[in-house]
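First comes the structure, then the notes that go with it.
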Amino acid sequence: MFHVGGARSALFNWAVARQQAGGRFVLRIEDTDEARNRPEWVDGILSALSAIHINESDSVFEGPYFQSHNTEGQREATIRLSREGKAYYCDCTREELIKRTGSQHLGYDGFCRDRGLKYQEGRALRFRTPDEGVTVVNDVVRGSTQFPNNAIEDFVIARGNGNPVFVLANAADDIREGITHVIRGEEHLSNTPKQQLLWEAFGVEPPVWGHLPVIVNEKRQKLSKRRDKVALEDYLGEGFLPDALVNYLMLLGWGPGDNVEIRPYDELEKLFRLEDVNKASAFFDVKKLTAFNGEYIRALPLESFIRACRRWLEAPYAPWAPEQFDEEQFRILAELAQTRITVLGEITRYVDWLFLDEAPYDEASWTKAMKAGASDILTSTRERWSAGEWTTKALKEGLEAVAAEHDLKLGKAQAPVRVAVTGRTIGLPLFESVEILGRERTFNRIDGAVGKLVSE
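Using our numbering, you'd call the opening residue of the sequence shown number 1170 and step up by one each time.
Pasting the structure below:
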């Protein structure tokens, strides 16, 4: 599944690429780990990117490339480093290293540096790091960071079978594909000095680095798929609009500085500056995202809103049979619902009472509304409504009279009626809902609620 942090990184990369004349957003699938490589997962990445408007059909989009397709180029890169004396073969085992250093925690000690070993099955190839000085990573977001070279061990760049490891494959592929900017999460910063050393060893100027702040939950813990909801697909599946997600994700760790938060992507793209990204961790506030989404839902044209709701009005989301659904009745309710829901998936609960034979039962709502005297209010309401016209205005006037009769405010009198008719304490405007439900179905539900209260 596509992590929201990956989506944020992709959007920042997309913005930078689109800002450059001839810029390209390069998607590379790093698929050399067979356990984490399936064709359907690649399709999922492409689908998720498309959902946030990063499309293969756009001229800025390049790829997808596959790391496994450049194995020969990566092997040639390792051979070149070995030939130039920038890497050496090593046959040390972990056990031998621990025995020499007396510690399980120390890095490689350079034992094979000057042994002059040739390639042989089982011998790893190690990159020879500088003994002195520092590797300076100039990061657009985090500034200049120095890494003492004597703290960077001679790291493996090819396994004993000759296959390049990720750090080498990554650098070789970046160089081959002409990567100029690497914009990614800050957890990769610790790998950057090794990658930069490899770029320099190949005689190529390193790319512009930009390490984005980590995204955290309300407890200031890094978002974790084991603990938090992090998949972009999950948010889309609940009914968050792509435009709202894009807007919110673009503001995670960056902002245009004018206190305007709700704005279309085109504006955000023009305003975005990588150097203005904040170093501090970014709080993924689901409540704020939900508020964003509500704004976007309310801004939709009615027809667009109806289309967007479609998937939640059908199986497996809808609790009613297909023949129970009435398009025209839903169209009437849609305009009322659009101003109230914040996530499209909520639409089912807002309209299910109309398409089900009986009102849905919600225990919490029933307990809250059906207090002492509820039966009398329901009975009085039925009598008033039986004698009047079946219009929103007449229905409201009838219940207002019932409220006065029982010395109640209208809201208190409405509560048991709403639960009897719609099943819940919260929903669409009551009188419009009752008018649409119709006289016969409304009275059947009121009678059922009175009967249940009498029997309790």
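Think of the CB as a built atom: it goes at the ideal place given N, C-alpha and C, for glycine as much as any other residue.
Does the distance from the CB of residue i to the CB of residue j come in under 8 Å?
i	j	result
K1255	F1296	yes
H1222	Y1434	yes
Y1519	G1463	no
I1615	L1547	yes
L1525	P1488	yes
A1341	G1406	no
A1327	V1336	no
A1582	V1590	no
V1415	L1180	yes
V1325	A1370	no
A1543	L1622	yes
Y1258	Y1288	yes
D1200	Q1236	yes
A1477	L1513	yes
E1604	W1554	no
A1490	H1172	no
Q1498	L1523	yes
E1609	T1561	no
K1448	V1310	yes
E1265	G1408	no
G1607	A1528	no
Please state whether DSSP places residue i in a helix, a strand or coil.
i	result
C1261	coil
L1449	One detail in the question is off: residue 1449 reads as Ala in this sequence, not Leu. Coil.
H1222	coil
P1208	helix
H1357	helix
R1295	strand
Y1530	coil
S1228	coil
N1307	strand
T1314	strand
P1333	strand
T1247	helix
I1510	coil
T1611	helix
K1565	helix
W1489	coil
C1281	coil
Y1417	helix
T1560	coil
F1371	coil
A1618	helix
Please go through the same chain and pick out, in chain order, the residues whose beta-carbon is closer than 6 Å to the beta-carbon of residue i, but skip the five residues on each side of it.
i	result
G1291	G1329
S1450	P1382, V1383 and V1385
V1211	I1198
L1358	H1380
Name the DSSP beta bridge partners of residue i, please?
i	result
R1269	DSSP output for R1269 lists no bridge partner at all.
I1348	Answer is none; I1348 lacks a bridge partner.
E1601	Note: E1601 sits in no beta bridge, so no partner.
V1377	H1350
I1198	F1235
V1385	K1391 and F1452
A1400	H1172
V1325	R1295
A1256	F1296
Looking only at its own chain, which residues have a Cβ that is under 8 Å from the Cβ of residue i, when we skip the five neighbours before and after it?
i	result
D1403	M1170
T1508	R1467
T1517	W1481, L1482, Y1486, A1487 and P1488
S1549	V1571, E1574 and H1575
Skipping 5 residues on each side, what residues in its chain have a beta carbon closer than 7 Å to that of residue i?
i	result
T1361	V1306 and W1378
L1420	E1430
K1578	A1572
P1208	none
W1183	F1194 and I1223
V1619	S1544, L1547 and T1548
V1588	S1534, W1535, A1538, M1539 and T1594
G1422	L1381, P1382, V1446, N1447 and A1451
Using 8 Å as the Cβ pair cut-off and three pairs as the minimum, do the region 1562–1569 and the region 1497–1505 touch?
-> Counting Cβ pairs under 8 Å, fewer than three are found: no touch.
Say whether the region 1350–1369 touches the region 1300–1316, bearing in mind that this needs 3 or more beta-carbon pairs closer than 8 Å, one atom from each stretch.
-> Using a C-beta cut-off of 8 Å, the region 1350–1369 makes contact with the region 1300–1316, since at least three inter-stretch Cβ pairs fall below that distance.
Evaluate contact between the region 1520–1540 and the region 1425–1441, counting only Cβ atoms and requiring at least three cross-stretch pairs below 8 Å.
-> Contact between the region 1520–1540 and the region 1425–1441 is absent: fewer than three C-beta pairs spanning the two stretches fall below 8 Å.
Three or more C-beta pairs below 8 Å linking the region 1372–1382 and the region 1339–1359 = Yes, since at least three Cβ pairs between the region 1372–1382 and the region 1339–1359 fall closer than 8 Å, the two stretches touch.
Does the count of Cβ pairs from the region 1236–1246 and the region 1445–1463 closer than 8 Å reach three?
-> The answer is no - the region 1445–1463 does not touch the region 1236–1246, with fewer than three Cβ pairs under 8 Å.
Given 8 Å, three or more beta-carbon pairs between the region 1262–1281 and the region 1227–1240 = Result no; under three Cβ-Cβ pairs closer than 8 Å.
Check whether the region 1180–1197 touches the region 1433–1450, taking contact to mean three or more Cβ pairs, one atom from each stretch, closer than 8 Å.
-> Judged by Cβ distances under 8 Å, the region 1180–1197 makes contact with the region 1433–1450, as three or more pairs qualify.
Is the region 1319–1326 in contact with the region 1383–1402, if contact means three or more CB pairs nearer than 8 Å?
-> By the Cβ test, the region 1319–1326 is not in contact with the region 1383–1402, since fewer than three Cβ pairs between them sit closer than 8 Å.
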